[in-house]
Amino acid sequence: MSNKTISTQPFDGQRPGTSGLRKKVKVFQSPHYLANFVQAVFDSIGDFSGQTLVVGGDGRFYNREAIQIIIKMAAANGFSKVLVGQGGILSTPAASCIIRKYSAYGGLILSASHNPAGPDEDFGIKYNIGSGGPAPEGVTEAIFQRTLDINQYLIAECEDINLDEQGCFELAGIQVEVIDAVSDYAELMQSLFDFDAIRNLLADDFRMVFDAMHAVTGPYGTAIIEGMLNAPAGTVINGEPKEDFGGGHPDPNLTYAHELVDILYGDNAPEFGAASDGDGDRNMILGNHFFVTPSDSLAVMAANATLVPGYKDGISGIARSMPTSAAADRVAEALGLDCYETPTGWKFFGNLMDAGRVTLCGEESFGTGSDHVREKDGLWAVLFWLNILAVRKAPVASILADHWKKFGRNYYSRHDYEGVDSAAAEQVLQNVRDQFDTLPGTTMAGRIIASCDDFSYTDPIDGSVSKNQGLRILFVDGSRIIFRLSGTGTSGATIRLYLESYEADSDKHGLDAQDALADMITAANSVSQLRQLSGRDKPTVIT
Ligand code: G1P
Ligand code: ZN
Numbered sequence: 047m048s049n050k051t052i053s054t055q056p057f058d059g060q061r062p063g064t065s066g067l068r069k070k071v072k073v074f075q076s077p078h079y080l081a082n083f084v085q086a087v088f089d090s091i092g093d094f095s096g097q098t099l100v101v102g103g104d105g106r107f108y109n110r111e112a113i114q115i116i117i118k119m120a121a122a123n124g125f126s127k128v129l130v131g132q133g134g135i136l137s138t139p140a141a142s143c144i145i146r147k148y149s150a151y152g153g154l155i156l157s158a159s160h161n162p163a164g165p166d167e168d169f170g171i172k173y174n175i176g177s178g179g180p181a182p183e184g185v186t187e188a189i190f191q192r193t194l195d196i197n198q199y200l201i202a203e204c205e206d207i208n209l210d211e212q213g214c215f216e217l218a219g220i221q222v223e224v225i226d227a228v229s230d231y232a233e234l235m236q237s238l239f240d241f242d243a244i245r246n247l248l249a250d251d252f253r254m255v256f257d258a259m260h261a262v263t264g265p266y267g268t269a270i271i272e273g274m275l276n277a278p279a280g281t282v283i284n285g286e287p288k289e290d291f292g293g294g295h296p297d298p299n300l301t302y303a304h305e306l307v308d309i310l311y312g313d314n315a316p317e318f319g320a321a322s323d324g325d326g327d328r329n330m331i332l333g334n335h336f337f338v339t340p341s342d343s344l345a346v347m348a349a350n351a352t353l354v355p356g357y358k359d360g361i362s363g364i365a366r367s368m369p370t371s372a373a374a375d376r377v378a379e380a381l382g383l384d385c386y387e388t389p390t391g392w393k394f395f396g397n398l399m400d401a402g403r404v405t406l407c408g409e410e411s412f413g414t415g416s417d418h419v420r421e422k423d424g425l426w427a428v429l430f431w432l433n434i435l436a437v438r439k440a441p442v443a444s445i446l447a448d449h450w451k452k453f454g455r456n457y458y459s460r461h462d463y464e465g466v467d468s469a470a471a472e473q474v475l476q477n478v479r480d481q482f483d484t485l486p487g488t489t490m491a492g493r494i495i496a497s498c499d500d501f502s503y504t505d506p507i508d509g510s511v512s513k514n515q516g517l518r519i520l521f522v523d524g525s526r527i528i529f530r531l532s533g534t535g536t537s538g539a540t541i542r543l544y545l546e547s548y549e550a551d552s553d554k555h556g557l558d559a560q561d562a563l564a565d566m567i568t569a570a571n572s573v574s575q576l577r578q579l580s581g582r583d584k585p586t587v588i589t
């Protein structure tokens, strides 16, 4: 067996963002494309000779082929060991857990998150550093620069490894260990949550459904919820990961997780429902005929954290992305904790967690997590909720009603306008920006505007500044209207409109969010001309 040097050419590598490099499968299948990117990563991450690399993915189409290429390249480039999940499977949070647990140098995670999978759909790859978190901007930028002048890559000439058999194998002079994809992660969950209490809850007449959406959390959910927590067989639905995710769009929200929503809003609905996305980092929490917004979910977790063994001594602080509602801020204030407001994207939480400033983090986009790993974690959030329910023995809806009574309710909704013409989308934002000077002091939707800005963030740990993170109209009473463009959309532009209004009076907590926000929605449209410019009379997705 020998190493082969293959001459190649610089390529249009697209700047990998926090979610790494995402392209159609066909692009990744074109000659040398994946190998070029992997070599660009290996050329940009420092000296890893003698170290371990973790590799795994969400099981989507092309996962196995990509892993074979990566293992052979890791061998030729000087890693001494590769840890790979059995069947090529590792959820994103499990990969983060394994990188940390085995002090790996880093990991390559293969996923395009919640985006559809299959021969004509999406594939993706990202590099995570030794902390278990996504590579910071300095590293992703170095990778991108390298894609522009790369001229060769190294790959071992050898047979494929059998990804289905656990064990340690020698390949091209290095060790390749095929590990159980679930057990390290399951062990971490068991160390954080009261599995006995959850088992007792599930042994009562409490019923739940977990929808793995034919994606990576199937084996994790089945092993933990049905296996370790003894929930009846069938509690996990769509639990078989499929290469095309069953033709679905595994994004756990009210639109795409409709099968679960129908169950929780149907006759004889169970007490609890939850779903996770393609690669296992997002979560949606439902009660019987009840939807918990991700913003409220973070706030409830923070307020109840000491009921959970892993957080029984209290949390050090909370961080939320700017568009996430301020519900968590109210909990932080009551508990005397710091609350950080960061730009959209999980990477902004890493420094805060590494420095011990925050324990819990969340984004309105169905992302919640803690410092147990350095990625958001879907199943972790589900277990956190089950632990709270096991201790409080109350329905999800009444836990929220109690929470709002104590802290007030932040009515919240996000309206997405997908596939909008890019120039029109820019104009929508420009219309808002143009009024920044005149709006403060005036009244909109019956509320006085305090200020307007384009959100900017200075990282308190490394001092780095991130500008232009979203346009905010901030009201005196704490209400907010926010406009930003998505950084992850694939066709045209996606405009995200975030609406939030605060209600202290518990007699007014029972409204539907869209009704409670109706005036704000109208005002947001007239200030931006959003509907006229986008040519849409309603959003594509409402969450
Ligand atoms: C979206 C979400 C954001 C999340 C990101 C990656 O980004 O809004 O919270 O971190 O996906 O999962 P956006 O498309 O809004 O830029
Ligand atoms: Zn994801």
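If you want this note's numbering, it's the position in the sequence shown, counting the first as 1, plus 46. For glycine and all other residues, C-beta sits at the position ideal for the given N, C-alpha and C. Being a predicted model, the structure only gives us computed values, none of them experimental.
Check	Outcome
Leaving out five residues before and five after S95 in sequence, what residues of the same chain have Cβ atoms less than 6 Å from its Cβ?	G124
Looking only at DSSP bridge pairs, what is N174 linked to?	G153, P180
Beta-carbon of A258 versus every beta-carbon of chain B: anything under 8 Å?	Of the chains in the structure shown, none is chain B; there is only one protein chain.
Quick one: what's got a C-beta closer than 7 Å to T263's C-beta in the same chain, skipping five residues either side?	S137, S322, G326, G424, L425
State the DSSP-derived secondary structure class of S537, mapped to helix, strand or coil.	coil
Please report how far the alpha carbon of Y199 lies from the alpha carbon of A188, in whole angstroms.	17 Å
Rounded to a whole number of angstroms, what is the C-alpha to C-alpha distance between D251 and T281?	13 Å
Is any non-hydrogen atom of ligand 2 found closer than 7 Å to the C-beta of G408, if you look at the structure I gave you?	no
Taking the alpha carbon of L429 as the point to measure from, which residue in E421, R420, G415 has its own alpha carbon closest?	G415
Since P389 and F501 should fall inside the 8 Å C-beta cutoff, what is the C-beta to C-beta distance between them, to a whole number of angstroms?	7 Å
Should T390 be counted as a contact of ligand 1 given a C-beta to heavy atom distance under 7 Å?	yes
Mapping the DSSP letters down to three states, classify G333 as helix, strand or coil.	strand
Using a threshold of 8 Å, state whether the C-beta atoms of S142 and E379 are closer than that.	no
Could I get the ranges of all uninterrupted alpha helix (DSSP H) runs contained in the region 95–172, with 4 residues as the minimum, in chain order?	109–123, 138–147
Could you spell out the range, first to last residue, of the beta strand (DSSP E) harbouring K50?	48–53
In whole angstroms, what is the alpha-carbon distance linking I270 and N456?	33 Å
To the nearest whole angstrom, what separates the beta carbons of V73 and M119, a pair I think is in contact under 8 Å?	Between M119 and V73 the Cβ distance is about 18 Å, and since that is not below 8 Å, they are no contact.
What I want to know is whether the C-beta of G292 ends up closer than 7 Å to one or more non-hydrogen atoms of ligand 1.	no
Which whole-angstrom value describes the C-beta separation of N334 and A320, a residue pair presumed to lie in contact below a C-beta threshold of 8 Å?	13 Å between Cβ atoms; not a contact.
Can you tell me whether DSSP reads H18 as helix, strand or coil?	The structure shown does not extend to residue 18, since the chain is modelled only from 47 to 589, so the question has no answer here.
Is E409 buried or exposed, if buried means 16 or more other CB atoms sit within 10 Å of its CB?	buried
Assign A345 to buried or exposed, taking buried as 16 or more other Cβ atoms, counted over all protein chains shown, within 10 Å of its Cβ.	buried
Identify whether G92 lies in helix, strand or coil by the three-state DSSP scheme.	coil
Using 8 Å as the threshold, is the region 161–168 in touch with the region 279–296, meaning 3 or more CB pairs across them?	yes
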